[in-house]
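In what follows, a structure is listed as structure tokens, so that the remarks can point back to it.
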Amino acid sequence: MDAIDYHALLPEIILAVTVLATLLVDLFTSRKSFAAITAMIGMFASFVAILTLAFCDNLTFCTSTGDRVLFGGSFVVDGYAIVLQGLFIFAGFIVVLMSVGYLETDRYYEGEFYFLIVSAVLGAAVMASSRDFISMIVALEIVSGSGFLLAGWRKGDARSNEASLKFFIIGVLALALLLFGVSLIYGLTGTQVFSEIAAASSSVEDIALFNLGAIFVLLGFGFKVSAVPFHFWTPDVYEGSPPPVTAWLSVGSKGAGFVGLLSVCYLALPSVTEIWGPVLWLVAALSMTIGNIVAIKQTNVIRLLGYSSIAQAGFMLAPFGAAAATGADLSQTFSATVTYLVIYAVMNLGAFAVVIIVGTRVGSYELERWSGLNTWAPGLALSLAAFFMSLAGIPPLAGWFAKFVMFSATIGVGSWWGYSIAIVAALNAVIALVYYLKVLKSAFFDTVPADLDVATLEAGTVPGPTSFAIGLTAAAVLVLGIFPGLAANLGDFSSDFLATLGL
Amino acid sequence: MTVTISEFFKESANWAFLAIAVPTLFAGWRTVTSNNIVRAVLYLVVSLGGTAGLFFMLGAEFVGWTVVLVYIGAVIILFLIGIMITRAPLGQEADLSHAMNVKAPAALLSTVVFGVITWAMIDAFGNNMIPPFEPTATSDLSLLLFDRFVIPFEVVSFVLLAALIGGIAIARQDEEVVS
Amino acid sequence: MTVFIEAAIKVAVAFVFIMLTTLVLVWAERKWVSDLQNRIGPDRAGPFGILQTLADGLKAFFKESIRPTQSIYLLYLVAPIAALIPALLIFLVIPIGAPIEIGGTTYTLQVMDLNIGLLYVLAVSSLAVYAITLAGWSSGSKYPLLGAVRASAQMISYEAAMGLALVPVVLLTSTTSIAGIVDAQQGTFGSFIPAWNIVLIPSFIIFLIAGFAETNRPPFDLVEAESEIVGYHTEYSGFAFALFFLAEYINVFNMSALTVTLFLGGWAGPVPSFLPTWIQWLVPVFWFLLKTWAFVFLFVWVRATLPRMRYDKLMTFGWKRLIPVSLAWIILCAVAIGFREFGAPWS
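Just so you know, the protein sequences line up as chains G, S and D, in that order.
Residue 369 is where the first sequence starts when you use the working numbering, and the numbers rise one by one after that.
Residue 119 is where the second sequence starts when you use the working numbering, and the numbers rise one by one after that.
Residue -5 is where the third sequence starts when you use the working numbering, and the numbers rise one by one after that.
This is the structure:
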């Protein structure tokens, strides 16, 4: 038994301790916000640990160099793991900030809510470091399980119960398909460690069962990222869950699904891009198109954001489709997806934070009630505009760089796989503008509905933690938009390991 | 080397396999198609028992008895308790079947998928034989669990904790904290 | 082929043994309870009433079986059989005595010795819950259903406690096979204290209490007490009821035997070497029976003495007292054994 590198495990250990501490603090204190504070302190500490791992070379007490490989290669801390773990912790932090204000407005189980969020962050963090199927699926279980439970947290609301049940039933179906695919791959290659599967895949790639297994695995993860045609659960679940939970699902849960796809496609199956490339090309094209077109007709802002997240998932899947070309530079497509994911997470979280505030103030998430937002909450309207324009991809907000990176990766591949998906993406970016602008038009240029009392609306305040969350994400969106090099560096850092694998 | 039908039936292990696998498949099919929910659960018990039997045939004694202990002995009991307390009318048939316009495409799709997977499996593994093996020692299993796979092991404990706490929070009957 | 013959003989012997034991057990219980209650008890059927059980069995066999029309016929008939089978299956792994040498081959006095015998015992005892659940469900009436749900919940709760209590035993003996556990208890600590697993006192106590609850014996017998009309066997009469009854008493013997095997050394005991060989083989069996019947007496004594536990207190006791204690004890044992095996982590 080798010695365990505890520094590599430090973020996960801190998160695990935070999970238990949140529960205990909630048990022994009466004020519920203490549990939230515990959760936030723990996640902050874990983020600091991630930073020490990232900047290990510059720190005197950090001795090991390069990527850290533990347990025979099934747990690895490299650039990819660091970037994504940091992303999940950040997302969890923002979601907890958002929930503090929301959960106080009504009677919920608060301590357990924060406990489940931190558990989900722990699971997602372990997923980012997992390099074999068993660890990845077990970590996926936490993310999924807590997602199912959190979706039904509004116990008295039938929509919430429906959301939870729908999410659960479709979720376990996807998990079953995923496990079946893993078992087929294991049966053919004799291993479930990604690097060993990659080594063995050249000898088994002609066997139909291997293709079938790989496709089942992609189906399982495709559900998690709500790609078409596995997206049918997304609008109902997003609408029914409590909005902070929706924010987590759209960023953290989706991100976990992308971690799965990235790991499987680029680590386990890098030499058989002809299996997953075309499938994901089709899925990406469908997701972008259907997500955008159906979003145009939505009247409920949360459903609209749900369909928008489907479309954004399509944009993120586009580089996968471009990688189908032979001789494609996989590190470029990989870093494109990771960069887009990071930027998307930041702007989507911010968008949800603003949407939650406005929705609770107005009392409804229907678009027609949001007319004239600018008259009674100009600050909120401005931040709403910032986040939605970022989602649409307008400079100088971060979204433009995400789209830019995606286009340069797909076109840079230099084959018709890339060109075609880039054309579809460009068309869809234009279509997406329609519904993002629709919301903003309603907020800025329409008049307040007659039955809403402007005075009471103006008098409402934004809870402190939520305004901090909005501020953080807005600042991040602006900074990443004006200094895109930061995001590009993150993307390149995360794809460094592919260079060592010779791709 | 390809195995012919007569060679297949000469091995007693193959007879045992058929004796376990055929009831498992039948019970699995009846679980999905049964009209009475308690009967469906009991067919599931048979199916899980068959799965445990298959594990025993592969020498995985620990896993097999764990399937019996956990799945059959706890999970299904909870299904039955839940069904009995909440919905099932006593001593009568409950109607669970869907309309034909839902059943027919579902049946067709599942048959097609089954056919494709079976063909692919025979194509990939049709010539393989399981070599003779020793039953797995529990000590080997536990060494693996606590050495190589300790991270999934610890993460699984968090899965169970989250499911437990979240489940209690959702299923509780509460007077004060409710939304 | 000889394997099959040997197995068949062992199964037959075990079956006869358990049936006779149960016969005596039912009579012994009635006699002991009556002694504790200062009355005479059965003394008409045979000398000291020893054939009373047989008489009751025959009576039950010939009694009319009344079956509710709303009951589900197949499950209604299967449930008593499903109660009997796990009870018999558990007995198969219990070693009654030391291995015997006949003509060069060693025969173990244990019908089968599985490598994971302990897990097998837990798994099979969890199957016993099905009989109760199905009995209550198939009776087609409300009272058995409620009783069955309560009984199932009680049994699975105490199964968890039982399983957790057995983990330190496995930690101490590093084997899950029952014969291995008995072998590990041979020998002594400091040459006069037998090396029995009872040093794991919390495990022993928790296992014993859980054994009471698993077999639905007093003080955990709320679901089958005569004064309660809510019970899973309310709608059963005649032979089917007799089968439930039989299964319960077999389980009493099983639990006692398991407690003795796992914690008190099984058939271990001093064997005087001056006795002829054929008596020497019987001495371990004698020790085993002595210890087991001591625990059977304990079961009967508790029945006659302690009042019944209310259902919610029963569940609270199982979940909030026994399980945390057993978990804490597992951690303590693991730390202690870790120190013994690997030394201190700071050295």
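Don't be surprised by glycine CBs; every beta carbon is placed ideally from N, CA and C.
Where residue i falls: helix, strand or coil (DSSP)
i	result
F861(G)	helix
F443(G)	strand
F268(D)	coil
T602(G)	helix
N594(G)	Reading the sequence as shown, one finds Ser at residue 594(G) and not Asn. S594(G) falls in the coil class under three-state DSSP.
R436(G)	strand
D107(D)	coil
E734(G)	strand
I418(G)	helix
Y101(D)	strand
D345(D)	With chain D covering only -5 through 341, there is no way to say anything about residue 345(D).
D394(G)	helix
S215(S)	coil
T182(D)	strand
S498(G)	strand
N668(G)	strand
A322(D)	helix
P223(S)	helix
P188(D)	strand
G209(S)	Caution applies to G209(S), whose pLDDT of 48 falls short of 50 and renders its modelled position unreliable; the value that the coordinates give is listed next. It is coil, neither helix nor strand.
Range covered by the alpha helix (DSSP H) that runs through residue i
i	result
L45(D)	Segment: none, L45(D) is in no alpha helix (DSSP H) and carries neither H nor E.
Y124(D)	111 to 132
E95(D)	Careful: E95(D) lies outside any alpha helix (DSSP H), inside the beta strand (DSSP E) at 94 to 96.
F562(G)	562 to 572
R157(S)	155 to 175
W340(D)	Looking at the DSSP string, W340(D) is not in any alpha helix (DSSP H), and its letter there is neither H nor E.
Q148(D)	136 to 167
N796(G)	784 to 813
N529(G)	526 to 557
K307(D)	305 to 310
M757(G)	746 to 760
I199(S)	194 to 204
K400(G)	It is not in any alpha helix (DSSP H) - K400(G) carries neither H nor E in the DSSP assignment.
I123(S)	123 to 128
N245(D)	233 to 257
D265(S)	256 to 265
Y873(G)	Any question about residue 873(G) goes unanswered here, given that chain G covers just 369 to 871.
Which listed residue (the options) has its alpha carbon closest to that of residue i
i	options	result
N579(G)	L795(G), G590(G), L556(G), K622(G)	L556(G)
F174(S)	H216(S), A139(S), G285(S)	A139(S)
V319(D)	L300(D), F336(D), L284(D), S197(D)	S197(D)
A566(G)	S631(G), I462(G), P746(G)	S631(G)
R76(D)	T63(D), K57(D), A129(D), G35(D)	Just to set this straight, residue 76(D) is Ala in the shown sequence, not Arg. Ranking T63(D), K57(D), A129(D), G35(D) by Cα distance to A76(D) puts A129(D) first.
S512(G)	G625(G), G454(G), Y606(G)	G625(G)
L846(G)	A770(G), G524(G), Q666(G), P833(G)	A770(G)
F756(G)	Y733(G), M774(G), V802(G), I789(G)	V802(G)
Original post:
Would the region 395 to 406 of chain G and the region 418 to 432 of chain G be scored as touching if the rule is three or more Cβ pairs under 8 Å?
Top reply: no
**OP:** Output, in sequence order along the chain, the residues in the region 173 to 192 of chain S whose CB is closer than 8 Å to any CB in chain D.
**Re:** E179, F180, W183, T184, V186, L187, I190, G191, A192
Original post:
Listed in chain order, which residues of the region 153 to 173 of chain S have Cβ atoms closer than 9 Å to some Cβ of chain G?
Top reply: none
Subject >> chain G contacts from the region 258 to 284 of chain S (Cβ-Cβ distance under 8 Å) >> reply: D265, R266, F267, V268, I269, P270, E272, V273, V274, F276, V277, L279, A280, A281, I283, G284
Original post:
If you measure beta-carbon to beta-carbon, which residues of the region 56 to 69 of chain D are closer than 7 Å to chain S?
Top reply: Q64, S65, I66
Subject >> Contact the region 839 to 857 of chain G vs the region 706 to 725 of chain G: 3+ CB pairs below 8 Å >> reply: yes
Original post:
Looking at C-beta atoms only, is the number of pairs between the region 133 to 149 of chain D and the region 199 to 214 of chain D that lie closer than 8 Å three or more?
Top reply: yes
Original post:
Does the region 159 to 178 of chain D touch the region 90 to 107 of chain D, meaning 3 or more C-beta pairs lie closer than 8 Å?
Top reply: yes
Subject >> Near-chain S residues of the region 185 to 217 of chain D - C-beta to any C-beta below 8 Å >> reply: none
Original post:
Does the region 715 to 729 of chain G come close enough to the region 774 to 784 of chain G to have 3 or more Cβ pairs within less than 8 Å?
Top reply: no
Original post:
What are the residues of the region 230 to 253 of chain S that lie near chain G, defined by any Cβ-Cβ distance shorter than 9 Å?
Top reply: V234, I235, W237, A238, M239, D241, A242, F243
**OP:** Mind the definition here: the region 585 to 599 of chain G touches the region 645 to 659 of chain G only if three or more C-beta pairs lie below 8 Å; say whether that holds.
**Re:** yes
**OP:** Could you please tell me which residues of the region 495 to 523 of chain G, in chain order, have their CB closer than 7 Å to any CB of chain S?
**Re:** I502, S503, V506, A507, E509, I510, G513, S514, L517, G520, R522, K523
**OP:** Could you run through the region 299 to 323 of chain D and flag, in chain order, every residue whose CB is less than 7 Å away from some CB of chain S?
**Re:** none
**OP:** Would you check if the region 270 to 280 of chain S and the region 491 to 511 of chain G touch, i.e. whether three or more CB-CB distances between them fall below 8 Å?
**Re:** yes
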